[in-house]
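Student: Below is the structure I would like to discuss, written out as structure tokens.
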Amino acid sequence: MLKAYILVTTKPGTSEDFVKQVKSIAGVVEAHSVYGRYDAIVEIEAPTLEEIAKIVYGVIEKSPNVVHTETAITFS
Numbered sequence: 001m002l003k004a005y006i007l008v009t010t011k012p013g014t015s016e017d018f019v020k021q022v023k024s025i026a027g028v029v030e031a032h033s034v035y036g037r038y039d040a041i042v043e044i045e046a047p048t049l050e051e052i053a054k055i056v057y058g059v060i061e062k063s064p065n066v067v068h069t070e071t072a073i074t075f076s
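The numbers in full-length UniProt numbering rise by one with no breaks, and the one at position 46 of the sequence shown is 46.
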């Protein structure tokens, strides 16, 4: 199983709504609003890189409140 952390920048004032929405997505292990450079962090587990890409590009980045994402995929 592969794991990825998605650092998300949202439109101002929308991070909590984004986190609530993303928690219902299959493959999302955890999601939290955070302070700092990014507005939210999402932990994903999936069996393949293709499945991670489907979640990131097909669902998270299509959210109307998402401005930018940065993905870190673990290798150990």
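Even for Gly, the Cβ is constructed at its ideal location relative to N, Cα and C.
Can you tell me where the alpha helix (DSSP H) holding S33 begins and where it ends?
Tutor: Here S33 belongs to no alpha helix (DSSP H); instead the beta strand (DSSP E) covers V28 to S33.
Student: When DSSP labels each residue in this structure, what does Y57 get in the three-state scheme?
Tutor: In this structure, Y57 counts as helix in the three-state DSSP scheme.
Student: For the alpha helix (DSSP H) that contains K20, what are its first and last residues?
Tutor: Segment S15 to V22, the alpha helix (DSSP H) holding K20.
Student: Going by DSSP, which residues form a beta bridge with residue 116?
Tutor: Since the first residue of the chain shown is 1 and the last is 76, residue 116 is not available in this structure.
Student: Distance, Cα to Cα, P64 vs S76?
Tutor: One C-alpha to the other measures close to 33 Å.
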